[in-house]
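**Student:** Below: one structure in structure tokens.
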Amino acid sequence: MNKRRVVIGLLGTKLDQGPRKDRWSNWRPSIAICQQPDLIVDRMELIHDPKHAGLARQVAADARAVSPESHVHLHELPLADPWDFESVYAALHGFSLDYEFDTDEEDYLVHITTGSHVAQICLFLLTESRHLPAALLQTSPTRGRKNDPAGEYRIIDLDLSRYDQLAARFRQEQRDSQSFLKAGIATKDPDFNALIERIEQVTLATDSPILLCGPTGAGKTRLAKRIFELKKHRRQVPGQLVEVNCATIRGDQAMSTLFGHKKGAFTGATADRAGLLKAADGGVLFLDEIGELGLDEQAMLLRAIEDKVFQPVGSDKSAGSDFQLIAGTNRDLVDEVDAGRFREDLLARINLWTFRLPGLRERSADIDPNLDFELARFAQSSGRNVRMNKEARERFLNFAIDRQTPWSGNFRDLSAAVTRMATLAPGGRIAVEQVDEEIARLRQGWGANHESSGDHLLTQVLSPQQIEKIDRFDRVQLAEVIAVCRTSKSLSAAGRTLYQASRLAKQRPNDADRLRKYLLKFGLSWESVQG
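In this text, residue positions in the sequence shown follow the working numbering: the first is 37, and each later residue adds one.
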């Protein structure tokens, strides 16, 4: 069954009127729609301002004259200022909400040739957002034929999924953006790739605060810079990236560094200082290790995020800055709130988009491509192209992906290891000798020996007789639990890390209690595993 065709459009106060002498001799957009031999219009919904009611009735009569089967319905819609975007959009949006669409029985076209440019843009936006469930209809005079009242028309469907070439281009653009965020590294870990995909979506869709969590060396700073560069490339931020490590500023220095000060505000304030928040106006402010900020700075930052104003030190006037915040931390901010070291209201404000970057041990599948990335980066910085022979590469990767290898500095440790091996490689080729030397150096730096670091951890908290009574399988698990406990700030934080998957299935997870009971099975406590 053929659906009825309905055209929704605005009255053209000049084009639809035509010349005074003979309105039939010229092209008039709303009338021309009804003059198309292959475009049967069952109904036209003609929107007009009340002050043009006479012209609207004339156009409706002319449309019925050229196409008796077309019914014209007039809709009065007051537009005080047809060039005011806010009022025009509100009026047309209200029309779209009030109109009773029947998409099962009718096909809709939105005519965007008439009306002010502002009105045409509003109709486009409402159609693109599916408030108007329609395709677009564009009409124009026939090229080279001035005396053709019917003119030409074109239907534009905004369903981009129907345009294979466009859809492929958008998919490629999305892949390029994700690759950019990963610095071009062909990562293989599915969870990390899914994380980057979500970060890419959020980066391009919002300017709300982003919180990057994860251990030191996981790549938070590099990712924050990439997020800014991607937004800059897409022309979403006109300003610059301003970054600061909050662990390097304290007290009055923190206040002055972030919010600026007036001359004479304190000893040493010999001139006005704008501060980093002001420098980030129109851009992105990256506060690494935000958990190191004092409570006073946190309160001021909260106001700056919410109201986009702050008070420079020693000033009685507020300053303004519109920036997007990216915050980084290796602390568990929930624990910091519980301990009274971090404001709960600030955490609630910056916790809208929180992403945890995994450490190197959690991304064993990505060590191989990151090894190539670090070698390429060394070649670029040093001008020396260094390779690894097959045996050396296998030796290093077997060590790197071993679950007992701590990688406490994460990607920083990996980068430093590659730099050292490449620097010492004779003839530009890393051999087994350089790999073994580097492995020994890393183990020494981590405080481990050539034995399993897991066994080493167990001997620190249990006697040899106790270890002998534990199954080998349980030893591996217990060593992992101890390692996590020693890198966590609290029992709760360690529990959340260890039970990250299973806790989601529980309505009220008590991670601390589960971990406490597990340790008790081996005669251990939180205090004893902390050493």
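The C-beta atom is built at its ideal place from N, Cα and C for all residues, glycine as well.
1) Can you check whether the CB of A452 is closer than 8 Å to the CB of V422?
2) Between which two residues does the alpha helix (DSSP H) holding H153 run?
3) At what residue ranges does the segment 43-114 contain a whole run of the beta strand (DSSP E), taking only runs of 3 or more?
4) Do you know offhand how far A127's Cα is from V146's?
5) Counting pairs of Cβ atoms below 8 Å between the segment 128-144 and the segment 49-63, do you hit three or more?
6) In chain order, what residues of the same chain have a beta carbon less than 8 Å from the beta carbon of H109, not counting five sequence neighbours either side?
7) Here's a check: name, in chain order, each residue in its chain whose Cβ is nearer than 7 Å to the Cβ of S400, leaving out the five neighbours to either side.
8) How is the alpha helix (DSSP H) around C521 delimited, first residue to last?
9) Which residues mark the beginning and the end of the beta strand (DSSP E) in which S123 is found?
10) Across which residues does DSSP place Q360 in a beta bridge pair?
11) Cα separation between E474 and L460?
12) From D227 to Y125, what does the alpha carbon distance come to, in whole angstroms?
13) If you reduce the DSSP assignment to three classes, tell me which class V422 lands in.
14) Taking the alpha carbon of T163 as the point to measure from, which residue in P177, S152, I148 and S176 has its own alpha carbon closest?
15) Between F322 and I362, how many whole angstroms is the CB-CB distance? I'm expecting something under 8 Å.
16) Is it a yes or a no for the segment 267-277 touching the segment 367-384, going by three-plus beta-carbon pairs under 8 Å?
17) So, are the CB atoms of S528 and D371 less than 8 Å apart?
18) When the Cα atoms are used, what is the spatial distance from L514 to V565?
19) Tell me the residue span of the alpha helix (DSSP H) that contains A384.
20) According to DSSP, simplified to helix, strand and coil, what is R367?
21) Could you tell me whether the Cβ atoms of D580 and R539 are closer together than 8 Å?
22) Could you give the C-beta distance for V468 and E504, rounded to a whole number, given that I count them as a contact under 8 Å?
23) What are the boundary residues of the alpha helix (DSSP H) that includes V471?
24) Considering Cα atoms alone, identify which of A541, E188 and H88 is closest to D65.
25) Spell out a yes or no on whether the segment 244-254 and the segment 352-362 are touching, meaning 3 or more CB-CB pairs, one atom from each, closer than 8 Å.
26) Taking 8 Å as the threshold, find out whether the segment 97-114 comes into contact with the segment 68-76 through three or more Cβ pairs.
27) How should K256 be labelled, buried or exposed, when 16 other C-beta atoms within 10 angstroms of its C-beta is the threshold for buried?
**Tutor:** Taking the geometry as given:
1) no
2) H153 to E164
3) 79-84 and 107-112
4) 16 Å
5) no
6) R79, M80, E81 and L82
7) I437
8) R508 to R522
9) Per DSSP, S123 belongs to no beta strand (DSSP E); it is in the alpha helix (DSSP H), F121 to D134.
10) V320
11) 10 Å
12) 42 Å
13) coil
14) I148
15) 5 Å
16) no
17) yes
18) 10 Å
19) E380 to I386
20) coil
21) Because the chain is modelled from 37 through 567, residue 580 falls outside the range shown and cannot be assessed.
22) Wrong, their Cβ atoms sit about 35 Å apart, outside the cutoff.
23) V468 to W482
24) The displayed chain sequence assigns Pro, not Asp, to residue 65. Of the candidates A541, E188 and H88, the one whose C-alpha sits nearest the C-alpha of P65 is E188.
25) yes
26) yes
27) buried
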